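A.B. asks: Residue 1116 in our numbering is what sits at position 282 of the sequence shown, and the numbering runs on without skipping anything.
Idealized CB from N, CA, C, for every residue including glycine.
Predicted model only: the values in this text are computed from it and were never measured.
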Amino acid sequence: MKLDATDLRYLSSDEFRVLTSVEMGSKNHEVVPTSLIVQISGLRNGGVNKLLGELGKRNLVAKVQNSKYDGYRLTYGGYDYLAIRAMSKRDSVYSVGNQIGVGKESDIYIVADAEGNEMVLKLHRLGRISFRAIKEKRDYLGKRKSASWMYMSRLAAQKEWAFMKVLHEHDFPVPRPIDQARHCIIMEFIDAFPLRQIDEVPSPGKLYSTLMDMIVRFARAGLIHGDFNEFNILIRRESGEPVVIDFPQMVSTSHENAEWCVLYFNRDVECIRTFFRRRFRYESAFYPRFRKVIGESADGEGFRLDVVVAASGFKQKDLKALEEVRIPVNEGGLLLTSHLVHGDHKGRWTRRAGRGGGRRGRG
Ligand code: ADP
Ligand code: MG
835 MKLDATDLRY
845 LSSDEFRVLT
855 SVEMGSKNHE
865 VVPTSLIVQI
875 SGLRNGGVNK
885 LLGELGKRNL
895 VAKVQNSKYD
905 GYRLTYGGYD
915 YLAIRAMSKR
925 DSVYSVGNQI
935 GVGKESDIYI
945 VADAEGNEMV
955 LKLHRLGRIS
965 FRAIKEKRDY
975 LGKRKSASWM
985 YMSRLAAQKE
995 WAFMKVLHEH
1005 DFPVPRPIDQ
1015 ARHCIIMEFI
1025 DAFPLRQIDE
1035 VPSPGKLYST
1045 LMDMIVRFAR
1055 AGLIHGDFNE
1065 FNILIRRESG
1075 EPVVIDFPQM
1085 VSTSHENAEW
1095 CVLYFNRDVE
1105 CIRTFFRRRF
1115 RYESAFYPRF
1125 RKVIGESADG
1135 EGFRLDVVVA
1145 ASGFKQKDLK
1155 ALEEVRIPVN
1165 EGGLLLTSHL
1175 VHGDHKGRWT
1185 RRAGRGGGRR
1195 GRG
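(1) So for I1032, helix, strand or coil by DSSP?
(2) Count the other C-beta atoms from every protein chain shown that fall within 10 angstroms of the C-beta of K1126, then say buried if there are 16 or more, exposed otherwise.
(3) Report the three-state DSSP secondary structure of K1126 (helix, strand or coil).
(4) Taking the beta strand (DSSP E) that Y906 belongs to, which residues open and close that run?
(5) Would you mind stating whether V930 and V945 have Cβ atoms separated by less than 8 Å?
(6) Could you give the DSSP three-state label for S869: helix, strand or coil?
(7) Residues in the same chain with beta-carbon distance under 8 Å from C1018, minus the five sequence neighbours each way, listed in chain order, please.
(8) According to DSSP, C1018 sits in a beta bridge with which residue or residues?
(9) Quick one: which unbroken beta strand (DSSP E) runs of 3-plus residues sit fully inside the stretch 1053 to 1136? Chain order, please.
(10) Please work out which residues of its chain come closer than 7 Å, Cβ to Cβ, to S940, disregarding the five sequence neighbours upstream and downstream, and give them in chain order.
(11) Secondary structure at E994, three-state DSSP: helix, strand or coil?
(12) Please find out if some non-hydrogen atom of ligand 2 comes closer than 7 Å to the beta-carbon of G937.
(13) Less than 8 Å separating the beta-carbons of L908 and A1155?
(14) Would you give the residue range spanned by the alpha helix (DSSP H) that S940 belongs to?
(15) In this structure, does DSSP put E798 in helix, strand or coil?
(16) Around the C-beta of V898, are 16 or more other C-beta atoms found within 10 angstroms, so that it is buried, or is it exposed?
(17) Measuring from the CB of F1065, is there a heavy atom of ligand 2 at a distance below 7 Å?
(18) Between which residues of its own chain and E1106 is the CB-CB distance below 6 Å, once the five residues before and five after are set aside?
(19) Start and end of the alpha helix (DSSP H) containing G900?
(20) Have a look at the DSSP bridge pairing and note the partners of V930.
(21) Does the distance from the C-beta atom of D1140 to that of L1068 stay below 8 Å?
(22) From what residue to what residue does the alpha helix (DSSP H) around L859 run?
(23) Confirm, please, whether the CB-CB distance from W995 to P1009 is below 8 Å.
(24) What are the boundary residues of the alpha helix (DSSP H) that V1142 is part of?
(25) To the nearest angstrom, report how far apart S926 and N951 are at their CA atoms.
(26) For the alpha helix (DSSP H) that contains G887, what are its first and last residues?
(27) Go through its chain and collect everything with a Cβ distance to Y1121's Cβ below 7 Å, but skip five positions before and after it.
(28) Suppose you measure from the CA of R1113 to the CA of N1100; what does that come to, to the nearest Å?
(29) Am I right that V865 and L886 are in contact with their C-beta atoms under 8 Å? What's the rounded C-beta distance?
Written as structure tokens, this is what we have:
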């Protein structure tokens, strides 16, 4: 779905009021009855109908004819609007630029602040994949089950935000988190190529150990990335240094389901090994083992980031709700590289031509 940035600033205060009323009504209605929207907004009946029509034309709400009553639901466009408006009120965003990525569960845009500094906007889209899993676990969602895509996307953004903040504060190589609202995150733009697009590196062995060390460092700080692969590792254009992104699936090393930890940890390690073997023909007998790393790390990094995150306000119950619905997915969603391709490519890091052609890191 496209973000219409030119539209962002032009919503009358009454339109905004009605849009917010639809959002509030969706907390416990899948389709918000028009009468409820009127009631929440405190505006005149006829006025509200007209405003809803305007919002509908702009795809911020959608009219739904129910068997019992007519009403509206908030669209992703409407939710995007509300989030971006909130962030622009706080001066963290001024303009929205090109889309640079489409993942299975997110859209990524370049945005800028009033000074023209580029940043990355990530919009979580959890409803995009099948929601069958959620429907089976409705008890978790309680009253909010009807707004599950909004609710789950917001949780994913909040979780990613909590982890990114803590990791950044502890000097892990992750983008600097800038702002978060509803299902969106704004973070530092990294001038980099995903490892997926890199054909050659000066020293595969060095990069390999840097990445394995990072997995170990995460684990010693109590965390497993859970999706540590060539799509989520960016290689800085200038320095060749790796930066890790994409945290909504991170798990604590002391997760109650210990089997999961081993599984996630091994999968992270295995992703890197496989990729290096296929792409760079590099293989090493050295790779970290979960039990060993955890065994050694009685005091680890000296802090437990899983504990820090838990204390940061992101609730355990929300972590649980997310875990229940997140079907572990392999990545491989479309990657638009229009932004990343621009400019000269200097330095020794070569980028793959086009999108992922040629040898494939993973099937
Ligand atoms: P998804 O959850 O959809 O996989 P990611 O967070 O992995 O989303 O981002 C998808 C893609 O967007 C990345 O592979 C990368 O190319 C680009 N991207 C994401 N964050 C940044 C960033 N901070 N700087 C530059 N590019 C980014
Ligand atoms: Mg990703």
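C.D. replies: With the given structure in hand:
(1) strand
(2) exposed
(3) helix
(4) 904 to 908
(5) yes
(6) helix
(7) D914, A917, I918, M921, L955, K956, L957, H958, A991
(8) L957, A1015
(9) 1067 to 1070, 1076 to 1078
(10) K956, L957, H958, R959
(11) helix
(12) yes
(13) no
(14) Not the alpha helix (DSSP H): S940 falls in the beta strand (DSSP E), residues 940 to 946.
(15) The structure shown has nothing for residue 798, since the chain only spans 835 to 1197.
(16) exposed
(17) yes
(18) The sequence given here places Ile at residue 1106; Glu does not occur at that position. Correct list, in chain order: L1045.
(19) The sequence shown places Asn at residue 900, not Gly. Note, N900: premise wrong, no alpha helix (DSSP H); not H, not E.
(20) V945
(21) no
(22) The sequence as given places Gly at residue 859; Leu does not occur at that position. It spans 847 to 859 - the alpha helix (DSSP H) in which G859 sits, taken as one unbroken run.
(23) no
(24) 1139 to 1145
(25) 10 Å
(26) 879 to 891
(27) M1046, V1103, R1107
(28) 20 Å
(29) Incorrect: roughly 13 Å between the Cβ atoms, too far for contact.
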